[in-house]
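Just so you know, we're using the UniProt record's numbering here: the sequence shown kicks off at 1 and counts up by one. Each remark here refers to the structure printed beneath this line.
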Amino acid sequence: MHSDSDDYFSGDDDDFDRQQEIARSAFADMCHDWERNQKYDRALQLTIERLHCEGKEAHVLDIGTGSGLLSMMAVRAGADSVTACEAFRPMADCAERVIASNGMGDRIRLVKKKSTELKVGAGKDMERKANVLVTELFDTELIGEGAIATYRHALQFLLEEGCRVIPDKATVFAQVVECPLAMSWQTPKLLCSSDGDVLLRVPEEMVNCRGSSAVFDVQLSQLPLESFNALSEPIPVFEFDWSSREALKFKRHSRNLLKVQSSGIPQAVFMWWDLKMDLEGTVLLSCAPFWAHPDFEGLKTQKQNDSIPEPNLIPWRDHWMQAIYFLPHSKTPLAKGEEIALDAFHDEFSWWFGLNDLSLDPGHCSCGMHIAYSRSRIGQLNDGPRNKRILNYLEEVLDKNSVVLVLGDGSLLGLSIRAMGAKKVILVETNQTSRHCMERFVEHNGLENVEILSCLDDLTPDATADITHIFGEPFFTSAILPWENAIQFIWELNRVKALLNHEVSVIPHSFSIYGVAVEFLDLQKISAPLGTCEGFDLSLMDRMIEEHSKVADSPVEAQPLWEYPCLPLGPKCKMITINVAEGSQNQLEQGKITLTRHHEIKECNGIALWAEWHMGKNVSPKNTISSGPLSVIDEASELPVRPLQWNSNWRQGVHLLRKPLEESKMFLSWTVKYNAQLKTCYFKFD
């Protein structure tokens with residue numbers, strides 16, 4: 001995806017990557033986290049005040065200062081000296097300007113280095129060791145950004161004995177659950193016909209595989225409560241004492257005995273953490289989902305007159321979420337009241353969990369499927385309604401004489417065509433790992449007359465002469481936005497058509513891109529200007545991010561909208577429809593997205609976009625596959641008053657407005673330009 005100009009940027013790749021890194025950094029997102037800001041501020045006030053009451057000076061070190069916000073808070077709280085370090089040079093330069101604009105340039109010593117490169121002593125980076133450390137080195141896994149090593153180094157070389165550390169401690173929580181929805185993103189299922197006949201069975205190594213070792217971070221609060229069965233209460237499994245080098249180990253194991261509170265199969269562990277911000281533990285910051293959040297009941301009472309969904313009552317943040325860890329595969333249910341041991345492990349950067357297994361190794365994919373495909377792709381493969389709709393259409397148009405060429409990556413639906421009785425199936429699998437997975441399905445299911453090619457160049461004239469149909473779901477691992485799958489399919493299709501000397505049927509027939517004006521409850525904060533934050537002017541950082549975003553970011557970015565609630569402000573708008581067989585032609589479409597209930601809602605702050613694929617020429621719900629909302633939002637229907645429900649197996653497109661639309665405006669103009677040669681769609685919104 002690009003901006004609305006074909007030649008939107010010229011310059012070297014390194015410069016573009018740097019600008020994109022600045023535009024997409026989480027600095028602004030963190031500064032929008034009001035709870036984080038206020039609790040860091042309060043902890044600094046309490047810590048510095050207590051040191052002064054003890055007759056001690058407060059010399060503060062801020063590691064990874066970002067915008068400079070925490071350093072400025074330390075000055076305001078009365079710190080005797082403040083040293084800040086920031087290794088990301090563009091951000092460090094910006095922090096220097098922000099600090100100066102707030103009149104603190106002579107109160108904060110900014111060093112543009114990593115903390116592990118700082119030197120202490122007269123005339124060096126730090127004149128003396130600090131006795132207060134304030135830093136935010138955390139991610140969803142708490143330790144995934146190297147917090148343990150950074151703290152250990154600081155405690156040994158940069159801080160005095162008995163120093164105060166903000167935050168002081170962290171506690172990691174785990175909850176054992178049965179969650180079929182989460183498992184649909186982890187383990188492929190049987191593929192069956194509409195009559196219930198098994199078309200494809202899954203190789204055992206894929207069923208039993210531990211899956212990807214990469215963190216699965218999600219907004220757990222948006223997971224429907226009915227989608228999981230909590231087998232245990234959330235329990236603390238580890239504590240991190242950030243002020244003790246001896247306590248900060250790179251590898252640890254804990255065994256935690258718990259009583260099963262509900263019968264079910266243990267499939268996964270939900271994980272999150274909280275921070276005790278000060279030594280006395282009076283300031284607590286929790287990253288728990290709403291059902292386990294310590295402040296939820298109080299916030300529920302406080303905001304009972306607000307029309308905010310319960311999952312969104314707690315403070316929102318996107319830089320620290322929650323995580324799902326899959327347990328080793330088991331079909332054995334646990335009984336209510338049974339006692340089990342939850343084994344928790346961590347190394348320097350990551351976590352893994354098991355039941356009654358003291359020697360469990362970190363999980364990794366051994367079958368190839370979790371390397372070849374994302375979790376959302378595995379979810380698509382397991383999407384029963386989607387599969388049924390496509391298979392029903394294929395059953396209508398194919399017969400025993402059909403020879404089908406399948407374009408795309410990891411198409412089990414394409415592979416199942418042979419099991420449905422077609423004469424032959426040819427798969428083009430350019431990705432070696434994906435190709436291996438498809439070969440395993442062929443072998444495991446004893447399929448014959450299936451040919452798997454590594455590239456289109458391997459397609460022989462004899463093979464092309466027999467092709468009757470070309471099919472794609474479509475899906476390509478290179479696609480980021482949903483319609484990019486269809487655009488890549490068109491590109492591959494045109495290459496094949498150059499080899500054909502006869503007409504073939506193409507499935508899908510066409511695809512459309514839709515948009516709807518929405519009010520995001522929280523997602524808009526990732527790009528909204530900060531202005532003033534906790535009394536400090538951060539407009540210079542706003543300007544830096546906006547300038548780099550104009551160069552490096554597309555007007556439309558991909559987001560899994562099931563995690564980010566939004567309210568529809570009008571009916572959906574069809575922006576463009578492209579006939580797949582005629583997709584070599586450029587198209588330009590313009591129109592307006594209407595806002596029929598703008599006056600009822602606070603503000604329009606974004607546009608949500610998605611793609612729909614039409615299997616046949618005659619478009620109907622029965623042959624349409626959507627990556628968009630599950631709710632109906634057309635002109636003939638009453639708009640839902642609650643947040644839209646979205647297909648959780650896709651990322652949708654999002655255009656975020658830098659400023660909310662004025663209340664008087666009842667539409668938003670748009671332009672979509674499809675460039676077949678460059679394989680992209682350009683979007684412009686006015």
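Glycine included, C-beta positions come from ideal geometry on N, C-alpha and C. From a predicted model like this one, the values you see are computed outputs, not experimental measurements.
Item	Value
Runs of beta strand (DSSP E) wholly within the stretch 110-150 (minimum 3 residues, chain order)	130-135
Segments assigned alpha helix (DSSP H), at least 4 residues, entirely inside the stretch 335-405	369-372, 375-381, 384-397
Rounded straight-line distance, which links the Cα of tryptophan 320 to that of arginine 50	29 Å
For histidine 329, the three-state DSSP class (helix, strand or coil)	coil
Glycine 446 (DSSP reduced to helix, strand or coil)	coil
C-alpha gap between glutamate 484 and aspartate 357, whole angstroms	43 Å
Where glutamine 175 falls, given that 16 or more other Cβ within 10 Å makes a residue buried	buried
Sequence-distant residues of its chain with Cβ nearer than 6 Å to tyrosine 393 (five each side left out)	Met615, Asn623
Alpha carbon of alanine 455 to alpha carbon of glutamate 429, nearest angstrom	A small fix is needed here, since residue 455 is cysteine in this sequence, not alanine. Between cysteine 455 and glutamate 429, the C-alpha separation is close to 7 Å.
Serine 584, buried or exposed, once every other Cβ within 10 Å from all chains shown has been counted against 16	exposed
Supposed contact pair valine 283 and alanine 43 - C-beta distance, whole angstroms, cut 8 Å	5 Å
Beta-ladder partner(s) of proline 629, from DSSP	Trp646
DSSP bridge partner residues for asparagine 256 (one or two, in chain order)	Leu342
Secondary structure, alpha helix (DSSP H): runs of 4+ residues fully inside the stretch 80-109	89-101
Residue of Trp291, Asp125, Leu447 minimising C-alpha distance to glutamine 222	Trp291
Range covered by the beta strand (DSSP E) that runs through valine 518	510-520
Serine 232 beta carbon less than 8 Å from that of glutamine 261	yes
Given arginine 201 as reference, the closest of Trp646, Asn647, Gly653, Glu439 once Cα atoms are compared	Glu439
Contact set for serine 374: own chain, Cβ-Cβ below 7 Å, skip 5 residues either direction	none
Every unbroken alpha helix (DSSP H) within the stretch 556-604, with a cutoff of 4 residues, ordered by chain	none
Closest residue to lysine 336 among Thr135, Ser359, Gly264, Asn131 (Cα-Cα distance)	Gly264
Nearest to histidine 346 (by Cα), restricted to the options His469, Arg255, Ala422, Ala419	Arg255
Same chain, Cβ closer than 8 Å to phenylalanine 476, five either side skipped, listed in chain order	Gly408, Asp409, Glu484, Asn485, Gln488, Phe489
Three-way DSSP call (helix, strand, coil) for aspartate 4 in this model	Unreliable positioning characterises aspartate 4 in this predicted model, as indicated by a pLDDT of 38, which lies under 50. A coordinate reading is not provided.
Local conformation of threonine 468 per DSSP, three classes	coil
Continuous alpha helix (DSSP H) stretch holding lysine 497: start and end	482-497
Residues near glycine 211 by beta carbon distance below 7 Å, same chain, minus five either side	Gln186, Phe326, Gly363, Cys365, His370
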